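Position 30 (the sequence shown) corresponds to 30 in UniProt numbering; numbering is contiguous.
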Amino acid sequence: MAWDYAELAKEAAKRGGPLALRYFYTGRGVIIGGAVTGATIAGTVAYDKWSKRRAAAAAEAAPETTTEAASSERPPAPGRPQ
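The structure is reproduced here in structure tokens:
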């Protein structure tokens with residue numbers, strides 16, 4: 001098992017020093033963050049288009065309904081003359 005500091009020092013030496021190692025990792029974070037942000041925006045735009053298309057299709061398929069005014073009188077019971 002290697003010592004963690006020794007591994008970190010070797011990697012820093014490969015990258016060109018401690019500052020270069022820090023810039024390498026922060027740059028990688030920016031790239032990953034940009035990709036996640038882009039995917040999030042694309043997903044939001046796609047969902048908005050899909051939901052608008054679905055709402056339009058539902059509006060076209062809905063039949064027109066008419067409402068009748070309800071009477072306060074109850075209809076007579078079947079089989080009983082008034």
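C-beta atoms are modelled at their ideal positions from N, C-alpha and C, and glycine is treated no differently. Please read these numbers as outputs of a predicted model, since none were measured by experiment.
Are the beta-carbon atoms of residue i and residue j separated by less than 8 Å?
i: Glu11; j: Leu21; result: yes
Where does the unbroken alpha helix (DSSP H) through residue i begin, and where does it stop?
i: Ala13; result: Asp4 to Arg15
State the Cα-Cα distance for the pair residue i and residue j, rounded to the nearest angstrom.
i: Gly33; j: Ile41; result: 12 Å
i: Phe24; j: Ala35; result: 17 Å
i: Lys49; j: Glu60; result: 17 Å
i: Arg15; j: Ala9; result: 10 Å
Short of 8 Å in beta carbon distance, which residues of its chain neighbour residue i, apart from the five on each side in sequence? Order them along the chain.
i: Leu58; result: A small correction: the amino acid at residue 58 is Ala; Leu does not occupy that position in the sequence shown. Answer for Ala58: no residue qualifies.
Taking 6 Å as the limit between beta carbons, can you name the residues of its chain near residue i, skipping five residues before and five after?
i: Lys52; result: none
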